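Numbered by numbering that gives the first Met the number 0, the letters in the sequence shown go through residues 0 to 345 in order. Virtual Cβ for every residue (Gly too), placed ideally from N, Cα, C. Everything numeric in this text was worked out from a predicted model, so none of it was measured.
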Amino acid sequence: MAYASSFSQTKVSTALSPSNKSRYKVIYPVAVKNDHPSLLPFSGIEIRDIRPDTTKLGFYRSTKDRHSYKYRFATNTADELTAFLTDHFQQSFTPGSNNRLVIYIKKLWLSEFDSAELSLHNTHVRNAWLYLKTEIYLQSQDAYYPIYRFDSVTYARKNNGYTSGGFISTTLLNALQVLDRTDFAKVIQKRKLDQASVDAFNNLAVATTAFPKPAKGVYVSFDEFKNGRPSCTDYEVRFESLADIIYVKAPDGVVYPKRNVWGFSDGETVFIRMGSNFFPLYNQEKTWEFYGTAAMEFRAPRMPILPGAGLPMMIASAGVTEFTQYEKRLVNLRAFQVDMENGKFY
């Protein structure tokens, strides 16, 4: 199939990314009194933030001004949470100990329903959820001893006492309740790891950075995308009124629709499938983010086939203004981030 150049990466720039178009909402950890301090065999706590994107804690869209916001702490996440935990456990530390607790944060993502989400999820309850994934170690000089892995999604009711920072604080402290049940004498008798081994294990999922120009083609799976090996490179994209359809050419020359794909690239811009449509991705640190929705409203007929490209023909040479108008044809657009472990999004 012939290839026609599409909307260039210089036009689909990071200036359009959710992070750059969103305002900040600064949140703060909420102090929780440690009513029953128990002695812990370390003198300090260190948070190491190894998330693919350390610039934010999540996205949300305000129901008041309809603007998009991204959550963040006043300082960087590692420093903010290290200070919070140090203050909380201060009375439990063993002064003079050479040991410290090291917590690798692999996921920390906050989502709070707005009115649009309530409609899409057919619920009348305003909930929030937090995805927290950590690896917890006891560090003794150059040795690391694994203690616990926390990997869970926690839900909270958004009542009058709810705060974003308080939800994060409480969830993190709940994850660390394991310290009260840990036999540290047994922990240090188990397998010990060195710094290099710990870093290699914890950075494995995010070791592959985003490609500046992913290979042109159709990616059936996220693994194909991460490895830069599309299943097929001879394809067309048809933007229909209700769905976007990819057509690929078989070895015998027959053209057929390819469904259940993760995404595709025109050689410049990557598009991810959400529902029945494709949305352009924007590189953000070691991950990707995008505006997407599963909801559609019918407008004027969308453009005809654009061989090997990612946007309707009318948009192929358009600028930012026209692209924004194209986005608005899809209702309830929200910001999402790609999970670099599995290619899903949240």
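query, result
"Which value, in whole angstroms, describes the spacing of the CA atoms of Pro28 and Lys248?", "54 Å"
"Please report the distance separating the alpha-carbon of Pro213 from that of Leu15.", "19 Å"
"Work out the CA separation of Leu175 and Ser168 for me, nearest whole Å.", "11 Å"
"Taking the C-alpha atoms as reference points, what is the distance between Leu178 and Val236?", "53 Å"
"Look at the alpha carbon of Ala30 and the alpha carbon of Phe83, and state the distance between them as a whole number of angstroms.", "7 Å"
"Determine the extent of the beta strand (DSSP E) in which Asp150 is found, giving its start and end residues.", "142 to 156"
"Grab the span of the beta strand (DSSP E) containing Ala174 for me, first residue to last.", "No beta strand (DSSP E) holds Ala174; the alpha helix (DSSP H) holding it covers 163 to 174."
"Compare the C-alpha of Asp193 against each of Thr232, Ser240, Tyr144 and name the closest.", "Tyr144"
"CB-CB under 6 Å to Ser139, same chain, minus the five flanking residues each way: which ones, in chain order?", "Asn98"
"Identify whether Ala82 lies in helix, strand or coil by the three-state DSSP scheme.", "helix"
"Give every residue of the same chain whose Cβ lies closer than 7 Å to the Cβ of Asn201, excluding the five residues on either side of it in the sequence, and list them in chain order.", "Ile49, Tyr103, Lys105, Glu134"
"Please list, in chain order, all residues of the same chain as Ser96 whose beta carbon is under 8 Å from its beta carbon, the five residues on each side excluded.", "Pro40, Phe41, Ser42"
"Just checking my contact of Arg183 with Tyr218 at CB under 8 Å: how many whole Å lie between their CB atoms?", "The amino acid at residue 183 is misidentified as Arg; the sequence shows Phe. In fact, because the Cβ distance is near 46 Å, the residues do not count as touching under 8 Å."
"In whole angstroms, give me the CA-to-CA distance for Ser163 and Thr74.", "16 Å"
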